[in-house]
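Structure record follows, encoded as structure tokens.
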Amino acid sequence: MNRSFGGLIAGGAALTLPAALMLTTVTGPAAAVERNRIVAVAQAEMADGDRNVERPAGSNCNYYTGVFRTWKPSSGCGSADGVQFRDSDWCADFAKYVWRGAGVPYADVAETSGGVLTGWASSFRDYGTRHGTWHTRASGYTPQPGDAVVFDWDQSGDIDHVGIVTSANGGTVYTVEGNSGNRTKANSYARGDVDIVGYSSPVGAVTSPEEVDDTTGEAVDFDGDGKPDLLGTTADGTLRIYRGTGSLGRPSVDAGTTIGSGWNSITRITVADIDNDGKNDLVGRGADGGLYAYLNKGDADFSGTRVTIGSGWEGITRVMVGDFNDDGKTDLLGQSTDGTLYAYLNTGTPGAPNISTRVLVGTGWDGIARVLVADADNDGKTDVIGQSADGILYAYLNTGAPNFANRVQIGTGWDGVGLVSTADIDGDDKTDVLARHGDGTLSAYLNKGTPGAPDISDRRQIGTGWNAVDRLTFADMDADGRTDVVGRFTDGTLNAYLAKGAADISTTVTIGSGWQGITRLAVVN
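Given below as structure tokens:
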């Protein structure tokens, strides 16, 4: 079936999770630091209007030097958050502040106490050299989120600048940098740029647990014209909408319109009608752990509508949506860092969203490497599909209320696939599973299940060469009633693969270019 989400999440009062579900700050070398936490801190600082600019402008007076190097001059400098701004080049102070705030080992050792990280950008190369985490650009290393990237602007051999990597693809590295044009700023560079000297990785850095995110999902209609739109954010936090303009056999989106800013402080975005008024809203998890609803006023206008609906959500590693108690409203499913799984039931009414009803639906989910939401056995209830670390795929059948205690194995060998998602790809109103394999083939696992007996054993190859695709979205892009596939390639090309029925998406239409600048898509997942 095509996934339909009538209403998602919200809360009249803030939802606070127990302290056990909150991430704790890493303070010593024995503990790992999650890379997405480093990025979240950097993006939150960039969004902080009290800290992200020099005061006065162009003076070098900045917050971060004021934190670390109190011996620097402060004459004529401003202040904020109880810190006297101080005058100095400050890219390294910013990068150190981010690493320290995320709990990177050794970043909390003061310069005056022998800490390797100082006010000099070159100290970040020294950090990597000392701890065995330094990678030169020429080595071909792929930069990872949370790395420090150091620059030599004139190739003199001296390090001039440092920033924090937020993401990278085959050709581009994206950063957040202090002291970039007298402010904190998001930038991007070709990975072969000769100004880049190399990268230092934080000691003990680990990739955060995989969550269902905006790499896959369903695009929906935001402006009320009945056509699916593509809505995404750029590295500098700009929110843009690309309105669907397709017609029968002719998929297309417009050139895009900016509808918001400051979204770099939001670490997770999902979509649903959160206040049950018939419009698709945005739900964002902030770097501060807050959960926010951005209500759609119509025509994709989210301005001035942000509502805080939760706190403590930095302790939730996965966020998924679906109607889990079969009441026609879309609920929230959240997995905590300790592997506990909760359903947050949507009891809201128009203008009064509410997800305060929390139901424990599982434990031990920290051993599940991938989670999807779908009606796996076609009984009308929303189930959960989970892949264990050893590659076994299970359907957790929803028996109501909700309850996912009935687990059924539906596949093996799934640890070798990527970009896994769900959509009705063959037009039979049953939700199939799609997956990209290591050799670049795209397969559809057609849903042949019956109530209590999920079955996706019917595998069909529907594409090749998909290794270059890093975003997979589903929507009826040409208004023919079938679910098409939209793939974004690492070079920024955006293609629509038109569904013909019977798991056939062989008709390809290019609908955009330059999409590598879109770092996230707001989709239902």
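In terms of full-length UniProt numbering, the sequence shown has 351 at position 351, counting the first letter as 1, and numbering is strictly consecutive.
All C-beta atoms in this analysis are idealised placements derived from N, C-alpha and C, irrespective of residue type, glycine included.
Use the C-beta contact count for Asp152: other C-beta atoms within 10 angstroms, 16 or more gives buried, fewer gives exposed.
buried
Since Asp281 and Asp275 should fall inside the 8 Å C-beta cutoff, what is the C-beta to C-beta distance between them, to a whole number of angstroms?
7 Å
With a floor of 3 residues, list each beta strand (DSSP E) that falls wholly inside the UniProt domain "Peptidase C51" (87-179), ordered by position along the chain.
134-136, 148-151, 161-168 and 172-177
Roughly how many angstroms lie between the CA atoms of Ser356 and Tyr344, to the nearest whole one?
7 Å
State the beta-bridge partners of Met320 as determined by DSSP.
Leu333
Are residue 529 and Asn406 close, meaning C-beta to C-beta below 8 Å?
Because the chain is modelled from 1 through 525, residue 529 falls outside the range shown and cannot be assessed.
Output yes or no for whether 8 Å exceeds the beta carbon distance between Gly115 and Val109.
yes
Please report the straight-line C-alpha distance between Val212 and Arg318, rounded to a whole angstrom.
Bear in mind that a pLDDT of 46 at Val212, under 50, signals an unreliable position, so the model cannot answer this.
Per-residue DSSP class, three states only, for Glu34
strand
Which residues in the same chain have their Cβ closer than 6 Å to the Cβ of residue 535, if we skip the five residues on either side of it in sequence?
With the chain running from 1 to 525 in the structure shown, residue 535 is simply not present.
Do Asn60 and Ser88 have their CB atoms nearer than 8 Å?
yes
Under a three-way DSSP split, which group does Gly380 fall into?
coil
Just tell me which of Ala168, Ser167 and Thr175 has its CA closest to the CA of His161.
Thr175
By how many angstroms is the C-alpha of Pro353 removed from the C-alpha of Gly204?
40 Å
With DSSP collapsed to three states, give me the class of Val194.
coil
Can you name, in chain order, every residue of its own chain whose Cβ lies under 8 Å from the Cβ of Asn403, other than the five neighbours on each side?
Val361
Just list the residues that DSSP pairs Gln461 with in beta bridges.
Ser443
Give a yes or no on whether the C-beta atoms belonging to Gly444 and Ala502 are separated by under 8 Å.
Per the sequence shown, residue 444 should be read as Ala rather than Gly. Taking 8 Å as the Cβ cut-off, Ala444 and Ala502 do not qualify as a contacting pair.
Residue range of the unbroken alpha helix (DSSP H) whose run includes Thr65:
Tyr63 to Phe68
Three-way DSSP call (helix, strand, coil) for Ala435 in this model:
strand
Of the choices Ala453, Gly284 and Asp331, whose alpha-carbon is the least far from that of Glu314?
Gly284
C-alpha distance - Arg471 paired with Glu54, whole-angstrom precision
37 Å
Local Cβ density within 10 Å of Ala374, reported as buried at 16 or more and exposed below that
buried
For Thr16, I'd like the list of residues in its chain whose CB is within less than 8 Å of its CB, leaving aside the five on either flank, ordered along the chain.
In this prediction, Thr16 scores a pLDDT of 27, lower than 50, which makes its location untrustworthy; no coordinate-derived value is stated.
Where the beta strand (DSSP E) containing Gln409 begins and where it ends
Asn406 to Gly411
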